[in-house]
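Each residue of the sequence shown is one higher than the one before, starting from 11 at the first, in our numbering.
Quick reminder that beta carbons are idealized off the backbone N, C-alpha and C, glycines included.
Keep in mind the model is a prediction, meaning the values are calculated, not measured.
Okay, structure first, notes after.
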Amino acid sequence: MKLTIDKWNDHRFQRVLNETLSQYPTGKEVDLDEVVEYHRTIPKHKIVPEVFEEARNHGRTLLNPRAGVADLEEMIDLLLTLQDAGGADLLPINPDSYTRTEQFEKAKTGLEDSIAAGRSLLNGFPVVAHGVKNCRKLFEAVDRPIVTRSVTPRARLLCTMVIASGITEICVGALSNLLCMEYDLPVEYSIENAQYLGRLVGWLNERGIKIAIESVTTAAAGTLSAPSIAIVSGIVDSLILAYQGAGYLSVAFPPMHNFVQDIAGLRTQRRLTRDYLDRFGFKDVVLSQNLHQWNGPFPACKHSSLGLIAVISSIASMYGEAEQMMVKTGEEGLGVPSKEANVEGLILCRQVMNLLRGQKLPDSEEIREESRFIEMEAKSILNKIVEFGEGDVLQGALKALELGVYEYPYGVSKHTLGKVILIRDAAGAVRFHDIGNLPFSPEIVAYHREKIEQRKALENREEYLMMIDDIREVRAFLK
Ligand code: 5AD
């Protein structure tokens with residue numbers, strides 16, 4: 011079938027819903043009319059779009075750790091600890107890798123083995139193996155909204171199940187989840203997954219049920235990322251969902267620890283994403299932002315890691331307009347964090363944000379210049395996408411992806427060209443070393459080149475050595 015951005019009709023939605031629910035026996039527990047009734051009983055303070063609105067109105071940034079263990083009782087204990095000892099505003103479900111790759115039977119075995127072993131042998135909560143009954147027990151045991159970190163292009167049953175259980179935010183990205191997670195998954199698979207979930211959420215929105223969807227943009231690339239590419243990825247993912255009727259969208263921003271570039275990027279992301287949603291007829295869609303953390307390799311040293319987290323918290327604070335911020339831990343460089351480390355991370359982030367309360371990074375010539383380039387870059391790609399698609403942004407994006415006119419640097423998928431190379435400048439901002447086939451003007455290329463030259467002069471060494479450093483470490487120390 012030819013891929014188009016058009017809203018699915020009821021027949022297609024019902025067909026894919028039925029297929030989805032038959033992927034695993036627990037799918038039978040989902041009855042959409044009953045789900046609507048259940049959501050109507052959820053108090054406002056446990057609904058993500060409601061708490062985002064509060065946060066926006068009060069200039070607060072909500073803290074969201076990540077967590078997931080196999081067993082239900084252990085998961086409840088974990089989330090209650092994050093809520094009560096950590097003071098988390100939003101609680102997570104991180105699904106395990108088997109569930110994220112639709113290997114539900116293996117997830118079930120992992121759950122059983124974990125119970126037998128008395129400790130989690132899975133790297134997350136096996137949502138589908140647990141089914142709606144257990145997921146609702148989890149949701150009802152806590153007093154915060156839960157978000158599901160469903161960063162996978164195979165999330166349809168997983169997300170249907172958590173939504174049926176009262177969870178009001180999921181992660182979906184037709185492009186972003188495809189490009190950052192799997193090598194050879196067909197594009198069609200990811201698009202169908204995203205459109206189905208957009209339609210499911212749209213269907214619920216039409217019945218007064220508020221559910222948010224986040225595009226993780228390039229935040230899950232797991233290394234350097236450029237603000238303009240994150241912005242484009244978020245806009246395309248968001249439009250694809252908005253066409254299906256999803257009304258509460260959130261875009262991730264991957265901060266790179268340069269105050270000027272990150273804050274310019276965050277401001278530009280909010281403005282441009284809003285512009286494009288409006289321009290395509292989605293003025294009613296409510297937009298939020300989620301400020302991520304460094305998703306690349308963390309130092310093995312706990313204290314170095316905590317320093318890194320503190321810097322991100324200060325960027326979130328000095329920006330002040332993100333509804334949500336992901337929290338990491340001192341143990342990120344070692345593996346899945348303990349709940350104690352997660353509590354520490356939350357307290358640290360809260361304190362930094364409290365200390366900086368009331369401060370905003372003032373507008374400056376530097377921020378204006380950086381914003382101007384980020385906007386030019388994003389628009390030059392978006393213009394091509396719109397032009398290629400002749401009105402259908404999905405088709406335009408797929409053609410741009412094929413030609414490398416849009417690409418997702420360091421994505422793991424074979425569908426991204428992989429010609430773009432990024433490098434930090436002397437101040438840690440991320441620059442385009444190679445633009446590949448991106449349709450950037452000579453002015454843009456020269457701007458980045460000048461910044462790279464400044465770092466070369468300072469460090470007096472080969473560019474490729476700097477590039478390797480930038481991929482291996484968040485920021486290598488100068489010798
Ligand atoms: N518990 C805690 N954190 C998790 N992450 C992934 N799964 C879990 C889990 N089960 C975190 C990783 C990384 C991010 C991508 O998600 O530590 O920070």
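Can the beta-carbon of S186 be found closer than 8 Å to that of D247? Here the question's residue 186 lines up with position 176 in the sequence shown. Here the question's residue 247 lines up with position 237 in the sequence shown. Cβ distance < 8 Å, so S186 and D247 count as in contact.
From which residue to which residue does the alpha helix (DSSP H) around F383 run? The sequence position of residue 383 within the sequence shown is 373, counting from 1. Where F383 is concerned, the enclosing alpha helix (DSSP H) stretches over E375 to G399.
Does the ligand 5AD have a heavy atom nearer than 7 Å to the CB of N187? Here the question's residue 187 lines up with position 177 in the sequence shown. N187 Cβ: outside cutoff for every heavy atom of the ligand 5AD.
I'd like to check one pair, C145 with Y418: are the Cβ atoms closer than 8 Å? Within the sequence shown, numbered from 1, the residue matching residue 418 stands at position 408. Within the sequence shown, numbered from 1, the residue matching residue 145 stands at position 135. No; because the gap between Cβ atoms is not below 8 Å, this pair is not in contact.
Contact between the region 325-335 and the region 370-378: three or more CB pairs below 8 Å? yes
To the nearest angstrom, how far is the alpha carbon of E354 from that of G340? Here residue 354 refers to the residue found at position 344 when the sequence shown is read from its first residue. Here residue 340 refers to the residue found at position 330 when the sequence shown is read from its first residue. For E354 and G340, the distance between alpha carbons rounds to 8 Å.
Simplified DSSP assignment, three categories, for A127: Along the sequence shown, one-based indexing puts residue 127 at 117. In this structure, A127 counts as helix in the three-state DSSP scheme.
Among V58, A77 and I52, nearest to A351 - alpha-carbon criterion: Reading the sequence shown from its first residue, position 341 is the one you call residue 351. The shortest C-alpha separation from A351 is found at A77.
Give me the residue from E115, K38, L132 and G134 with the minimum Cα distance to T170. The residue you call residue 170 lines up with position 160 of the sequence shown. Ranking E115, K38, L132 and G134 by Cα distance to T170 puts K38 first.
Decide if H302 is buried, meaning its Cβ has at least 16 other Cβ atoms within 10 Å, or exposed. Indexing the sequence shown from 1 puts residue 302 at position 292. Buried: at least 16 other Cβ atoms inside 10 Å.
Relative to the C-alpha of H446, which candidate in E463, G414 and G421 has its C-alpha closest? Here residue 446 refers to the residue found at position 436 of the sequence shown. Before going further, note that residue 446 is Gly rather than His in the sequence given. The shortest C-alpha separation from G446 is found at G414.
With hydrogens ignored, establish whether the beta-carbon of E342 is closer than 7 Å to any heavy atom of the ligand 5AD. Position 332 of the sequence shown, counted from the start, is the residue given in the question as residue 342. Answer for E342: yes, Cβ within range of the ligand 5AD.
Is the beta carbon of P347 within less than 7 Å of some heavy atom of the ligand 5AD? Within the sequence shown, the letter at position 337 stands for residue 347. It does: the Cβ of P347 is within 7 Å (strictly closer) of some heavy atom of the ligand 5AD.
T278 and P237 - do their beta-carbons sit closer together than 8 Å? Position 227 of the sequence shown, counted from the start, is the residue given in the question as residue 237. Position 268 of the sequence shown, counted from the start, is the residue given in the question as residue 278. Going by C-beta atoms, P237 is nearer than 8 Å to T278.
Ordered list of alpha helix (DSSP H) runs contained in the region 213-246, each at least 4 residues: none
Starting from F329 and walking both ways along the alpha helix (DSSP H), at which residues does that stretch end? For the purposes of this step, residue 329 is taken as the residue at position 319 of the sequence shown. Correcting the residue type first, residue 329 is Tyr in the shown sequence and not Phe. It spans K312 to Y329 - the alpha helix (DSSP H) in which Y329 sits, taken as one unbroken run.
Would DSSP call V296 helix, strand or coil? The residue you call residue 296 lines up with position 286 of the sequence shown. If DSSP states are grouped into helix, strand and coil, V296 belongs with the strands.
Report the CB separation of H443 from L432 in whole angstroms; it is logged as a contact under 8 Å. Start at 1 with the first residue of the sequence shown, and residue 443 comes out as number 433. Start at 1 with the first residue of the sequence shown, and residue 432 comes out as number 422. Their Cβ separation, rounded to whole angstroms, is 6 Å, which keeps H443 and L432 in contact under 8 Å.
Option in G97, T71, D43 and G438 with minimal Cα separation from I219: Position 209 of the sequence shown, counted from the start, is the residue given in the question as residue 219. Of the listed residues, the one whose Cα sits closest to I219 is D43.
When the Cβ atoms of the region 282-297 are set against those of the region 312-321, are three or more pairs found closer than 8 Å? no
DSSP beta-bridge partners for S260? As a first step, residue 260 must be located in the sequence shown, where it is residue number 250. Answer is E224 and S298, bridged to S260.
DSSP three-state call for H140: helix, strand or coil? Your numbering for residue 140 matches position 130 in the sequence shown. Residue state, collapsed to three classes: helix.
Under 7 Å from any heavy atom of the ligand 5AD, does the C-beta of R76 make it? Translated into positions along the sequence shown, residue 76 becomes position 66. Flag set: Cβ of R76 near the ligand 5AD.
What's the gap between the Cα of E397 and the Cα of F450? The residue you call residue 397 lines up with position 387 of the sequence shown. The residue you call residue 450 lines up with position 440 of the sequence shown. Their Cα atoms are separated by approximately 15 Å.
Exposure of Q205, with buried meaning 16 or more beta-carbon neighbours within 10 Å: As a working mapping, residue 205 is identified with position 195 in the sequence shown. It is buried - the Cβ of Q205 has at least 16 other Cβ atoms within 10 Å.
Just how far apart, CA to CA, sit V40 and K293? As a position in the sequence shown, residue 40 is number 30, starting the count at 1. As a position in the sequence shown, residue 293 is number 283, starting the count at 1. Looking at the two C-alpha atoms, the distance is approximately 32 Å.
Let me know if R441 comes out buried or exposed under the rule of 16 or more other beta-carbons within 10 Å of its beta-carbon. Your numbering for residue 441 matches position 431 in the sequence shown. With 16 or more Cβ atoms within 10 Å of its Cβ, R441 is classed as buried.
Hey, R164 and E198: beta-carbon distance below 8 Å or not? Against the sequence shown, residue 164 aligns to sequence position 154. Against the sequence shown, residue 198 aligns to sequence position 188. No; because the gap between Cβ atoms is not below 8 Å, this pair is not in contact.
Exposure label - D16; buried when at least 16 CB within 10 Å: On the sequence shown, position 6 is the one that residue 16 refers to. Looking at its Cβ environment, which holds fewer than 16 other Cβ atoms inside 10 Å, D16 is exposed.
Distance, I245 Cα to I391 Cα: Indexing the sequence shown from 1 puts residue 391 at position 381. Indexing the sequence shown from 1 puts residue 245 at position 235. Roughly 11 Å separates the two Cα atoms.
Tell me where the alpha helix (DSSP H) around L365 begins and ends. Start at 1 with the first residue of the sequence shown, and residue 365 comes out as number 355. Unbroken alpha helix (DSSP H) run through L365: K349 to L365.
Spatial neighbours of K338 within its chain, please: C-beta separation below 7 Å, excluding the five flanking residues on both sides. Stepping through the sequence shown from its first residue, residue 338 is reached at position 328. The residues are Q303, I319 and G355.
What does the Cβ neighbour count give for R25, buried or exposed, with the cut at 16 atoms within 10 Å? Locating residue 25 in the sequence shown gives position 15, counting from the first residue. It is exposed - the Cβ of R25 has fewer than 16 other Cβ atoms within 10 Å.
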